[in-house]
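Asker: Quick one: the structure is below, and I'll ask about it shortly.
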């Protein structure tokens, strides 16, 4: 008799505890402004684990998009940024917060480290957002030769226009 | 009477379900080779969610380092890459898999999308690794002006030497 078995002996459910939380005065759309300064307040137990991060200028922050509700995560295809003029694409081709696992990933500029408080610039996360991990950014993450979707270029174009207007 | 309340009304524990799993023939140290080709096999339910990713050349893959055991995650400071000649630094300053939340993050080259099977190059994840999310890579993630720790430069130097030797 043959039986089908799951070849991957790993838990189907993965549980995490935040290592810290975001503190920011920015509200609403302000959080998308790349000049926004926020603090990541780590749990006291991670004081030692932060030693040496000041030697890097940029970090990746991995956080939990806790403001997205499960019922908002039902659509598999979306119009990027909610713009009807852009094509309907799969959510994995976008950075929508409404993802099966609502994990946020942003590269930020490191401004200051004081004890367990890490001040960063450019973190698009609301006040109270649970932080899951941070990682140093190195040049291995650079690429000069890459391709992005045409609709993504339209978003960048509009972003740049708005940034220019705000200057 | 005053009572202390948690100002962040978010769950302290966050639970996730993998969206797919890694398939690779690479074993041991082979997975760190940037030329390694792997497949990410997504759950069938995410077929539609993948539409449009083929318009990008590179993706970020966020995965669960399921081979790290909890007892290996006790050290807050480590010698990067286990090299005693490098300084003892906080784990958040490194890419060690032994992190409070063992989340892996790698930028990969997208080679092919066929149904729910996404073929990528440069994913340093073992066979059977649960994948939590993928995100498109865009030029907003580039920086020309950045700083990394001196010990990190030593690791890059050795990596480059090894890559040269393997060519």
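Residue numbers (the working numbering), protein chains in the order written: chain A, 1 to 167; chain B, 1 to 167.
Ideal placement from N, C-alpha and C gives every residue a C-beta, glycine not left out.
Identify every run of the alpha helix (DSSP H) within the stretch 32 to 108 of chain B, keeping only runs that are complete inside it and at least 4 residues long; order them along the chain.
Answerer: Entirely contained in the stretch 32 to 108 of chain B, not one alpha helix (DSSP H) run reaches 4 residues.
Asker: Mapping DSSP to helix, strand and coil, what is residue 135(A)?
Answerer: Reduced to three states, the DSSP call for residue 135(A) is strand.
Asker: Please state whether DSSP places residue 111(B) in a helix, a strand or coil.
Answerer: Strand at residue 111(B).
Asker: Using a Cβ-Cβ cut-off of less than 8 angstroms, list which residues of the stretch 65 to 87 of chain B approach chain A; keep chain order.
Answerer: So the list reads 66, 76, 77 and 87, given in the order they occur along the chain.
Asker: Quick one: what does DSSP say residue 155(A) is sitting in, helix, strand or coil?
Answerer: Helix.
Asker: Using DSSP with H/G/I as helix, E/B as strand and the rest coil, what is residue 166(B)?
Answerer: Residue state, collapsed to three classes: helix.
Asker: Can you list, in chain order, the residues of its chain whose CB lies under 8 angstroms from that of residue 104(B), leaving out five sequence neighbours each side?
Answerer: Within the same chain, residue 104(B) has close Cβ partners 61, 62, 63, 64, 65, 97, 124, 125 and 129.
Asker: Against residue 17(A), what residues of chain B qualify as contacts under a CB-to-CB distance less than 8 angstroms, listed in chain order?
Answerer: Ordered by position in chain B, the residues that pass the 8 angstroms Cβ test against residue 17(A) are 12, 13, 14, 100 and 101.
Asker: DSSP three-state label for residue 20(B), please.
Answerer: Three-state DSSP puts residue 20(B) in a strand.
Asker: Is the CB of residue 125(A) under 8 angstroms away from at least one CB in chain B?
Answerer: Chain B contact via Cβ: absent.
Asker: Counting C-beta neighbours from all protein chains within 10 Å, is the total for residue 91(A) 16 or more, i.e. buried, or is it exposed?
Answerer: With 16 or more other Cβ atoms within 10 Å, it is buried.
Asker: Among 77(B), 111(B) and 121(B), whose alpha-carbon lies nearest the alpha-carbon of residue 100(B)?
Answerer: Closest by alpha carbon: 77(B).
Asker: Between residue 8(B) and residue 68(A), what straight-line distance do the alpha-carbon atoms span, to the nearest angstrom?
Answerer: Low local confidence applies: a pLDDT of 45 at residue 8(B) is under 50, so the model's placement there is unreliable, with the coordinate-based value given in what follows. Between residue 8(B) and residue 68(A), the C-alpha separation is close to 15 angstroms.
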